[in-house]
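Chains as they are written, first to last, in our numbering: chain A, 1 to 348; chain B, 1001 to 1348.
We treat Cβ as the ideally placed atom computed from N, Cα and C, and that holds for glycine.
Here's the structure, in structure tokens; my notes come after.
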DNA sequence: CTGAAAGCGCTTACAG
DNA sequence: CTGAAAGCGCTTACAG
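Here it is as structure tokens:
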């Protein structure tokens, strides 16, 4: 690979000038520009990104950290990544995927992240990623509320998790359901905590007893049970419990699928025997299942896009005037046919 | 951020020694190591990744380029990315997502890629990504056959696309279908070319006429029609054509969903009126649709993992002895209930 | 096992 | 508008 000195020599200019032609930070005369470009082409020259980064202190990349076991992203992650990548590219930024398991690998030859900022999806109580970013002095945006104690204040993009759970419970309870099973997200994430609190509030609001309903946390993402979360819980609750659960709220498409399989394996039908509501699923997919799923559209790609915008603002790259430090992304119920009304039994 | 000089001064050693403690490339005495570590902790020191990269010429990142419009990845992409990220992390590598639309953004301030190698998903005839990688002298692996003329020889991971299409056609034709509609991948990709050729061969092999079947290319990924590919084609062919298509082969889950919607909107049923076969779909999802989809398991995450292994080998990082330059990933038919036999009509 | 010094390939004040 | 020189923060022969 040719370097800047080679080009400078061939074009008969200083390397500062070659630098200016490529960075366009200072004007260069037309004929010098042409000479430099010609020499560059001849030598197949392209500025070295790393060397540039070392002095500008900009990598033009943002990190995206997603909790990640040996398993697949869900449809939610998929669309979220889409939103992030697309929006980042609008600012000329690339996205560095940074998964949790890498931490172990990174330790032996620890080094700073080659990124200008980061997006942290799904903060947890003692979030190692946040600790590390903080330690490295890298600005970041969290998607999901950050746990108060960990860091003074960080910009956040979030759904209104409390409201979402209230809406779902209202929706189901209005249809006569009194005993709900909630297949929540993983324990330790702020989103699951917000949801759990809201779940209990919603039940109390309708004068339902928590002990008649069931609440489960998804296993840790590294657990072997992660992929099958929802199946065993559904089987057990329907078969063994006395609570007569009539409606299930599933965290994501995978949990919903697992619950569907459990229900089918028990010889029951959706929604005649049991209702199913999915929180973050893929819209196009939800319409194709049997029956079509009723769920909440969380706008994952919008979550991704907005978190990039917020981060860019923090980095001083976007200059769209004032920008709030905390953004709430709208969500709304999308009706399929997986939730039914229970006749007779319900009371206002 | 503290730098190496600060640590060296505080620990009373040279910066070369500090470097050795962190890189572990040369042994350091125990007590010196401790002194350095103590000083580092005190100063919150972490080696600067960029500075290190400049001299080692290693970024510890690989690029992943996926053709990408303003649209979502499919389940295939999702699982592919998973395989790549996971396998890369085993080698201590990160993954830089590099999407096509960024090219435009990159031009003004062109610079080399800060990556050690790249994975190119779905090469096309005149692949700009390959041209650029080649130009930058960055080793890469393609997933999908590379177009012959473009570059002498590049390591490749691929499905056996010809065989896959033959298997699918054999499967359908054995069930009495004579008029097939093939919703292929995008024109210009080698995968769609391989498939198209195989499609014609398979028909010829069974003495069926190409003109009785229908072949479509997916629109370019930047097209507005990309997301809805399959719907209009299905409507048109079923309603207008005289060919009486009885089976549809869909490139991916999205195309399959679109075809399903079209079939439903026409008041027809799967598989009674028309059969549907999906090439790359998500297994867990395929079981939940109505009816469950019959399709091909391409093992996308294995494709991703193997392409990383191959790349690591090319980079001289993996040393698992000899490694073939071209890998074929197995695929097999997974039966659902979306393909039926046509009685009576078929002949051996 | 450790140190002094050169160098990785750029950008950026500073001077003109 | 252009050049000469210092410097970004590391690693790496080389010498001891």
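Practice task
Rank 51/A, 50/A, 49/A and 13/A by C-alpha distance to the C-alpha of residue 33/A and give the top, closest one.
Solution key: 13/A
CA nearest to the CA of residue 218/A, picked from 64/A, 46/A, 87/A and 188/A: Among 64/A, 46/A, 87/A and 188/A, the Cα nearest to that of residue 218/A belongs to 188/A.
Practice item. Label residue 313/A either buried or exposed according to how many other C-beta atoms from any shown protein chain fall within 10 Å of its C-beta, with 16 as the threshold for buried. Key: buried
**Message:** Please list, in chain order, the chain A residues whose beta carbon lies closer than 8 Å to that of residue 1094/B.
**Reply:** 96, 97, 98 and 102
Q) At which residue ranges does the region 1198–1227 of chain B contain complete alpha helix (DSSP H) runs of 4 or more residues, listed in the order of the chain? A) none
Using C-beta distances below 8 Å, list every residue in its chain close to residue 1265/B, excluding the 5 sequence neighbours before and after it, in chain order.
1235
* If you draw a straight line from the alpha carbon of residue 1137/B to that of residue 1003/B, how long is it in whole angstroms? -> Approximately 32 Å between the Cα atoms of the pair.
| query | If you compare alpha carbons, which of 306/A, 116/A, 333/A and 307/A is closest to residue 282/A? | reply | The shortest Cα separation from residue 282/A among 306/A, 116/A, 333/A and 307/A belongs to 333/A.
CB contact below 8 Å: residue 54/A versus chain B: yes
Below 8 Å on C-beta distance, what does residue 284/A contact in chain B? 1254 and 1257
Distance, Cα to Cα, residue 178/A vs residue 196/A? When only Cα atoms are considered, residue 178/A and residue 196/A end up about 17 Å apart.
Q. Under the rule that 16 or more other beta-carbon atoms within 10 Å means buried, what is residue 31/A, buried or exposed?
A. exposed
What's the gap between the Cα of residue 1206/B and the Cα of residue 1180/B?
A direct Cα-to-Cα measurement between residue 1206/B and residue 1180/B gives close to 13 Å.
> Shorter than 8 Å from the beta carbon of residue 1328/B to some beta carbon of chain A?
Replying inline: no
Nonlocal neighbours in the same chain, by C-beta distance under 8 Å from residue 1318/B, ignoring five residues either side: 1091, 1309 and 1312
For this session: Take every Cβ of the region 1252–1269 of chain B, pair it with every Cβ of the region 1072–1085 of chain B, and state whether three or more of those distances are shorter than 8 Å.
Result: yes
Exercise. Specify, as a first and last residue, the run of the alpha helix (DSSP H) that residue 16/A falls within.
Key: Start and end: 15–23.
Practice problem: Would you please verify whether the beta carbon of residue 1113/B is less than 8 Å from any beta carbon of chain A? | Solution: With its beta carbon less than 8 Å from one in chain A, residue 1113/B belongs to the interface.
- Message: So, with DSSP's three-state summary, where would you put residue 1308/B?
- Response: helix
Problem - Proximity of residue 117/A and residue 140/A at Cβ, strictly below 8 Å - result: yes
Query - Inter-residue spacing [alpha-carbon to alpha-carbon] between residue 347/A and residue 176/A - result: Note that residue 347/A has pLDDT 45, beneath the 50 cutoff, so the model's placement of it is unreliable and the number below is only indicative. So the alpha carbons of these two residues sit roughly 7 Å apart.
Assuming residue 270/A and residue 296/A make a contact with CB atoms under 8 Å, what is their CB distance in whole Å? Not confirmed; about 17 Å, so no contact.
At which residue ranges does the region 1113–1172 of chain B contain complete beta strand (DSSP E) runs of 3 or more residues, listed in the order of the chain? Those beta strand (DSSP E) runs which fall completely within the region 1113–1172 of chain B and span 3+ residues are 1117–1121, 1140–1143 and 1156–1159.
Pick from 208/A, 184/A, 62/A and 239/A: whose alpha carbon is nearest that of residue 229/A?
Comparing Cα-Cα distances from residue 229/A to each of 208/A, 184/A, 62/A and 239/A, the minimum goes to 184/A.
- Query: Does the distance from the C-beta atom of residue 85/A to that of residue 1097/B stay below 8 Å?
  - Reply: yes
- Task: Less than 8 Å between the CB atoms is what I'm expecting for residue 1275/B and residue 1331/B, so what's the real figure, rounded?
- Result: Actually they are not in contact, since the Cβ atoms of residue 1275/B and residue 1331/B sit about 19 Å apart, beyond 8 Å.
Straight-line Cα distance separating residue 289/A from residue 1166/B = 29 Å
### Query
Is there a Cβ from chain A that is less than 8 Å from the Cβ of residue 1109/B?
Note on residue 1109/B: pLDDT 44, under 50, position unreliable in the model; the coordinate value appears next. Judged by the 8 Å Cβ criterion, residue 1109/B is in contact with chain A.
Taking the beta strand (DSSP E) that residue 1061/B belongs to, which residues open and close that run? 1061–1066
Checklist entry - So, helix, strand or coil for residue 46/A, using DSSP? => result coil
Q. Residue range of the beta strand (DSSP E) that residue 1326/B falls in?
A. Element bounds for residue 1326/B: 1326–1329.
Identify the continuous alpha helix (DSSP H) that holds residue 83/A and give its terminal residues.
75–90
Nearest to residue 127/A by alpha carbon, out of 190/A, 267/A and 215/A?
190/A
- Could you name the residues of the same chain whose beta carbon sits closer than 6 Å to that of residue 1182/B, not counting the 5 residues immediately before and after it, in chain order? 1199, 1215 and 1249
_Quick check on the burial criterion: 16 or more other C-beta atoms within 10 angstroms. Buried or exposed for residue 210/A?_
Flag for residue 210/A reads exposed.
Quick one: give me the first and last residue of the alpha helix (DSSP H) that residue 975/B is part of. A query on residue 975/B cannot be resolved here, the shown segment of chain B reaching from 1001 to 1348 and no further.
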